[in-house]
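Here's the structure, in structure tokens; my notes come after.
Given below as structure tokens:
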């Protein structure tokens with residue numbers, strides 16, 4: 002028999018937080034499950050590079066939190082959490098403003114169990130000029146900001162080229178992880194159709210120069226070397242300049258400099274070189290690490306047993322002295338794990354303290370609309386399986402659908418997928434407006 006008073010607040014509507022809210026909401030209803038997020042709609046964070054390039058329209062792809070709350074039985078609370086009163090078991094949510102006017106006043110919300118799933122932000126590592134001149138892709142707002150800036154720079158370069166044939170557009174991407182690699186490829190896809198939008202002077206293959214800078218000895222350093230080598234080969238074949246073992250020491254308005262004093266021209270700079278959790282987590286009185294993540298045990302509890310942490314904002318032991326990686330599949334599996342743990346709390350039954358065990362199914366990286374590379378962990382063989390090309394790309398696309406299935410269910414996900422397919426035949430490939 003569930004206890005009517007037990008309230009669970011989930012802060013953060015990303016991949017893990019939203020899946021957890023939807024699954025618990027369907028079981029227990031809106032009196033028990035509350036989701037707090039600063040945005041009004043959800044988009045899968047691994048697809049933000051597509052938003053940034055204009056190949057994905059957030060206004061078509063975004064899922065309304067209010068709609069999801071109604072359909073899946075949780076209460077959506079718009080706003081940003083900025084503090085906790087652990088003695089009173091309440092969180093403080095900042096006021097919500099629209100064009101300078103207050104829409105929702107600041108509030109205190111009480112909880113019995115709190116789950117913090119606020120994700121991560123880009124880590125600029127105190128690099129001079131990086132925060133000022135480089136764009137991060139941590140949110141839909143930042144991705145849209147980059148897309149519009151990309152469009153402005155394209156038009157400006159196209160106009161300059163009428164008078165100067167040597168004009169080009171230089172884009173520097175700092176960080177050769179999945180985000181940097183996928184953005185490089187997606188920007189190339191966006192460039193293919195510029196002529197259809199009146200940008201006729203620039204030749205995308207000759208005049209758009211993309212440089213990918215990575216501090217490690219190879220890109221995709223967290224993945225097997227074969228996957229890294231394949232991604233490097235595919236990017237190089239398509240015209241991306243890949244520079245490894247390069248540490249960026251400063252970023253300027255139209256260039257960046259590495260630790261050896263080399264300068265790289267950059268009309269646009271994207272920073273995808275590392276992550277850290279939001280700073281406010283260090284002010285909650287909970288144990289945190291040097292990149293602001295909440296330290297949690299293997300049951301995902303923080304130093305306060307009433308507070309759980311999951312996803313990118315949590316440091317959780319994994320194996321051989323390593324911590325769980327900041328990947329969407331980790332958050333997805335943690336959401337499934339917490340459904341059982343938190344269901345027991347709501348029902349008032351003893352919680353099964355069996356630790357969370359992450360099963361690594363490998364990684365896939367998109368290197369263009371018809372290309373992909375990846376390393377899949379063989380469930381039956383126990384070996385890593387390398388995949389490449391269209392098969393890898395199709396498998397990569399299925400990850401997004403699997404996320405939607407966890408939230409929407411099979412029938413509605415099928416409808417969304419069909420709708421996307423039909424819309425692609427009646428809308429431009431690239432959103433340049």
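Numbering (this note's numbering), first residue to last: 2 to 434. C-beta atoms are modelled at their ideal positions from N, C-alpha and C, and glycine is treated no differently. Computed from a predicted model, the values in this text were never measured in an experiment.
To the nearest angstrom, how far is it from the Cα of residue i to the Cα of residue j?
i: residue 99; j: residue 141; result: 17 Å
i: residue 113; j: residue 9; result: 6 Å
i: residue 15; j: residue 87; result: 24 Å
i: residue 236; j: residue 341; result: 43 Å
i: residue 330; j: residue 300; result: 17 Å
i: residue 152; j: residue 130; result: 23 Å
i: residue 149; j: residue 55; result: 9 Å
i: residue 45; j: residue 70; result: 17 Å
i: residue 135; j: residue 193; result: 24 Å
i: residue 115; j: residue 37; result: 11 Å
i: residue 107; j: residue 146; result: 27 Å
i: residue 332; j: residue 17; result: 5 Å
i: residue 220; j: residue 267; result: 20 Å
i: residue 189; j: residue 205; result: 8 Å
i: residue 338; j: residue 232; result: 33 Å
i: residue 222; j: residue 30; result: 43 Å
i: residue 59; j: residue 11; result: 24 Å
i: residue 132; j: residue 410; result: 39 Å
i: residue 43; j: residue 166; result: 43 Å
i: residue 124; j: residue 254; result: 19 Å
i: residue 355; j: residue 117; result: 20 Å
i: residue 365; j: residue 101; result: 42 Å
Check the DSSP bridge columns for residue i and list the partner residues they point to.
i: residue 82; result: 94
i: residue 128; result: Looking at the DSSP assignment, residue 128 forms no beta bridge with any residue, so it has no partner.
i: residue 266; result: 256
i: residue 35; result: 10 and 76
i: residue 103; result: 98
i: residue 43; result: 64
i: residue 271; result: 136 and 174
i: residue 122; result: 277
i: residue 295; result: 289 and 315
i: residue 211; result: 172
i: residue 310; result: 117
Let's see if you can read the secondary structure: which residues bound the alpha helix (DSSP H) around residue i?
i: residue 155; result: 141–162
i: residue 26; result: 16–29
i: residue 440; result: Coverage of the chain is limited to positions 2 through 434, which leaves residue 440 absent and any answer about it impossible.
i: residue 339; result: 329–348
i: residue 325; result: Where residue 325 is concerned, there is no enclosing alpha helix (DSSP H), given that its DSSP letter is neither H nor E.
i: residue 115; result: Here residue 115 belongs to no alpha helix (DSSP H); instead the beta strand (DSSP E) covers 114–117.
i: residue 166; result: Here residue 166 belongs to no alpha helix (DSSP H), and DSSP marks it neither H nor E.
i: residue 203; result: Residue 203 -> no alpha helix (DSSP H), and no H or E assigned at all.
i: residue 54; result: 49–54
Can you list, in chain order, the residues of its chain with a C-beta nearer than 8 Å to that of residue i? Leave out the 5 residues immediately preceding and following it.
i: residue 345; result: 351, 352 and 353
i: residue 160; result: 202
i: residue 156; result: 200
i: residue 111; result: 8, 89, 90 and 91
i: residue 184; result: 50, 53, 54, 138, 174, 271 and 273
i: residue 27; result: 73 and 74
i: residue 226; result: 219
i: residue 248; result: 216, 259 and 260
Along the beta strand (DSSP E) that carries residue i, what are the first and last residues, could you check?
i: residue 302; result: Run containing residue 302: none; DSSP gives neither H nor E here.
i: residue 109; result: 108–111
i: residue 173; result: 170–175
By Cβ distance below 6 Å, which residues in the same chain neighbour residue i in space, the five residues on each side in sequence not counted?
i: residue 49; result: 138 and 144
i: residue 297; result: 303, 310, 315 and 317
i: residue 208; result: 169
i: residue 24; result: 340
i: residue 308; result: 115
i: residue 81; result: 39 and 95
i: residue 215; result: 177 and 245
i: residue 109; result: 91 and 93
i: residue 187; result: 50, 51, 54 and 56
i: residue 407; result: 20
i: residue 172; result: 211 and 269
Excluding the 5 residues preceding and the 5 following residue i in the sequence, name in chain order all residues of the same chain whose CB lies nearer than 7 Å to its CB.
i: residue 163; result: 202
i: residue 218; result: 245 and 246
i: residue 121; result: 276, 277, 278, 313, 314 and 327
i: residue 103; result: 96
i: residue 294; result: 278, 314, 315 and 316
i: residue 33; result: 7, 8, 9 and 347
i: residue 289; result: 282, 283, 295 and 296
Is residue i near the ligand MN, in the sense that its beta carbon is under 7 Å from a heavy atom of that ligand?
i: residue 173; result: The ligand MN is not among the ligands present in this structure, which contains no ligands whatsoever.
Determine, for residue i, whether the minimum Cβ-Cβ distance to residues of chain D falls below 8 Å.
i: residue 149; result: Going by chain labels, chain D is absent from the structure shown, which holds only one protein chain.
Q | Completely contained alpha helix (DSSP H) runs for the segment 215–252, where each covers 4 or more residues | A | 226–238
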